[in-house]
Amino acid sequence: MKQPSLTIVVPCYNEEEVFPTTLRQLKNTVTRLIKEGYVDRNSKILFVDDGSRDSTWDLIKKAYTEDSMINGLKLSRNFGHQRALMAGLEEASRYSDCVISIDADLQDDISVIKEFVIKYLEGYDVVYGVRKRRETDSFFKRTTAQMFYRLMEKMGLPLVYNHADYRLLSRRALNALLQYKEANLFLRGIVPLLGFKSAKVYYDRKERAAGESKYPLPKMLALALDGITSFSVKPIRLITAIGFISSLISFLAAVYVLVQKISADPVGGWASIMISLWFIGGLLLISIGLIGEYVGKIYEEVKGRPRYILEERLQHFSQEYKRPK
Ligand code: UDP
Ligand code: MG
């Protein structure tokens, strides 16, 4: 049987500090897999530079010229992790039988890459990397992440618990994924929707090898909100439900006010009016904001803008490579 060709896709944003380590370790891993006969000699590592402002792209170029295992893509600006990853996946789908996506910081244990490939050879189309422990993440990151998974579960989304974007996809699964054209990408939410036979591989999440997190809190919140509003209309239903309840309450309040008006001092009740005024005001603003979020999503999808723009492609051609249209 012919071995499958593997591509490891690595999105990089300002990763000059960690790049040399990552490059070395991934190269070792792929070389070993080739030697042991798990994957084809044409296997690649594809670095996607997501508009870095540091020397990341120069490092990728240098690696490309020195080694035929290395390919590179440069996006025209910073498009964000999910889109950079998508760019890499799309590129790799042109010449690889299976693709593994991994972060540049090596927080995800690369020693399980072999297990990914073994699962693929056993016939799984999707292999999820799942974190066993997250002790190296801060308490804050751990709890917020946990809350997020819980929330997504409540929203009826089949997210894989403690799985980020460390996974293997077969070409079949990749081609299915590429049919999802939405501008707002949340891969973790889409991949379980693809179907196919899937497996999980467990590993320990480590400290970042170097450099700092490119996912500060605001970006994390944005990803969470994107994840929720891209997949579920439940928040809007919630608003409707709250609206019904508050109408019911205000109806009861109206009865109470009428009784008061007939029986007691009409100036009383100032406090309750103020409280309900602010309460309802707040509720309305949140609701409008949430609906605005969906309208914005629709707006973005309707425009149908490209998800990313390529500036440069560094490609060692293999025989199987299909040139993009
Ligand atoms: N990343 C990217 N574009 C961005 C932000 C991050 O391509 O705008 C990459 C980054 O280089 C890394 C991965 O996405 O390879 C995950 O980022 P990071 O490790 O900073 O996130 P964390 O692990 O802290 O959630
Ligand atoms: Mg990281």
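Residue numbers (full-length UniProt numbering): 1 to 325.
For each residue, glycine too, the CB sits at the ideal point set by N, CA and C.
Predicted, not measured: the structure shown is a model, and the values here were computed from it.
Pair within 9 Å by beta-carbon distance, residue i and residue j
{"i": "valine 117", "j": "leucine 185", "result": "no"}
{"i": "isoleucine 100", "j": "leucine 159", "result": "no"}
{"i": "leucine 33", "j": "valine 10", "result": "no"}
{"i": "glutamine 42", "j": "serine 93", "result": "With the sequence shown as reference, residue 42 is identified as asparagine, and glutamine is not the correct amino acid for it. Cβ distance not < 9 Å, so asparagine 42 and serine 93 don't count as in contact."}
{"i": "valine 201", "j": "lysine 119", "result": "yes"}
{"i": "tyrosine 64", "j": "leucine 314", "result": "yes"}
{"i": "glutamine 82", "j": "leucine 223", "result": "yes"}
{"i": "leucine 75", "j": "leucine 277", "result": "no"}
{"i": "glycine 243", "j": "serine 287", "result": "yes"}
{"i": "isoleucine 70", "j": "lysine 44", "result": "yes"}
{"i": "isoleucine 239", "j": "leucine 290", "result": "yes"}
{"i": "methionine 86", "j": "arginine 307", "result": "yes"}
{"i": "threonine 229", "j": "tyrosine 299", "result": "no"}
{"i": "alanine 183", "j": "glutamate 301", "result": "yes"}
{"i": "glutamate 15", "j": "serine 52", "result": "yes"}
{"i": "glutamate 312", "j": "leucine 121", "result": "no"}
{"i": "serine 246", "j": "leucine 283", "result": "yes"}
For residue i, the residue or residues it bridges with in DSSP
{"i": "asparagine 71", "result": "Leu46"}
{"i": "isoleucine 100", "result": "Ile8 and Leu168"}
{"i": "glycine 129", "result": "Val201"}
{"i": "aspartate 108", "result": "Arg205"}
{"i": "glutamate 312", "result": "Lys74"}
Residue nearest to residue i in terms of C-alpha spacing, selected from the options
{"i": "arginine 24", "options": "Ser76, Ile236, Leu106 and Asp49", "result": "Leu106"}
{"i": "proline 216", "options": "Phe140, Gly123, Ser230 and Met274", "result": "Phe140"}
{"i": "valine 127", "options": "Thr229, Asp97, Ile262 and Lys197", "result": "Lys197"}
{"i": "alanine 104", "options": "Leu284, Phe19, Glu36 and Leu187", "result": "Phe19"}
{"i": "glutamate 36", "options": "Pro235, Lys114, Ile70 and Tyr256", "result": "Lys114"}
{"i": "aspartate 97", "options": "Arg77, Tyr124 and Leu85", "result": "Tyr124"}
{"i": "glycine 269", "options": "Arg142, Ala254, Gly282 and Leu46", "result": "Ala254"}
{"i": "valine 112", "options": "Asn162, Ile239, Ala84 and Tyr166", "result": "Tyr166"}
{"i": "isoleucine 102", "options": "Arg53, Leu73, Leu46 and Ser272", "result": "Leu46"}
{"i": "arginine 205", "options": "Arg142, Gly281, Leu248 and Tyr95", "result": "Arg142"}
{"i": "alanine 84", "options": "Ser138, Lys297, Asp49 and Gly72", "result": "Asp49"}
{"i": "leucine 221", "options": "Arg171, Gly282 and Met147", "result": "Met147"}
{"i": "glycine 80", "options": "Asp67, Cys12 and Glu16", "result": "Cys12"}
{"i": "isoleucine 8", "options": "Glu91, Lys154 and Thr144", "result": "Glu91"}
{"i": "glycine 296", "options": "Asn78, Leu225, Phe279 and Gly282", "result": "Leu225"}
{"i": "glycine 189", "options": "Ala264, Arg171 and Asn162", "result": "Asn162"}
Range covered by the alpha helix (DSSP H) that runs through residue i
{"i": "glutamate 90", "result": "81 to 92"}
{"i": "residue 344", "result": "Any answer about residue 344 is impossible in this case: the structure gives the chain only from 1 up to 325."}
{"i": "tyrosine 38", "result": "Here tyrosine 38 belongs to no alpha helix (DSSP H), and DSSP marks it neither H nor E."}
{"i": "glycine 195", "result": "Counting along the chain, glycine 195 falls outside any alpha helix (DSSP H), and DSSP gives it neither H nor E."}
{"i": "aspartate 54", "result": "First-last for aspartate 54: undefined, no H or E at that position."}
{"i": "glycine 243", "result": "234 to 263"}
{"i": "phenylalanine 186", "result": "Careful: phenylalanine 186 lies outside any alpha helix (DSSP H) and carries neither H nor E."}
{"i": "leucine 223", "result": "217 to 231"}
{"i": "valine 117", "result": "113 to 121"}
Anticipated Cβ contact below 8 Å, residue i with residue j, distance rounded
{"i": "glycine 129", "j": "aspartate 108", "result": "6 Å"}
{"i": "tyrosine 203", "j": "lysine 132", "result": "6 Å"}
{"i": "leucine 177", "j": "phenylalanine 231", "result": "At roughly 15 Å, the Cβ-Cβ gap does not stay under 8 Å, so leucine 177 and phenylalanine 231 are not in contact."}
{"i": "leucine 194", "j": "alanine 164", "result": "That pair is no contact at about 17 Å."}
{"i": "isoleucine 234", "j": "methionine 152", "result": "Correcting the residue identity first, residue 234 is lysine in this sequence and not isoleucine. Actually they do not touch by this definition, with Cβ atoms about 11 Å apart."}
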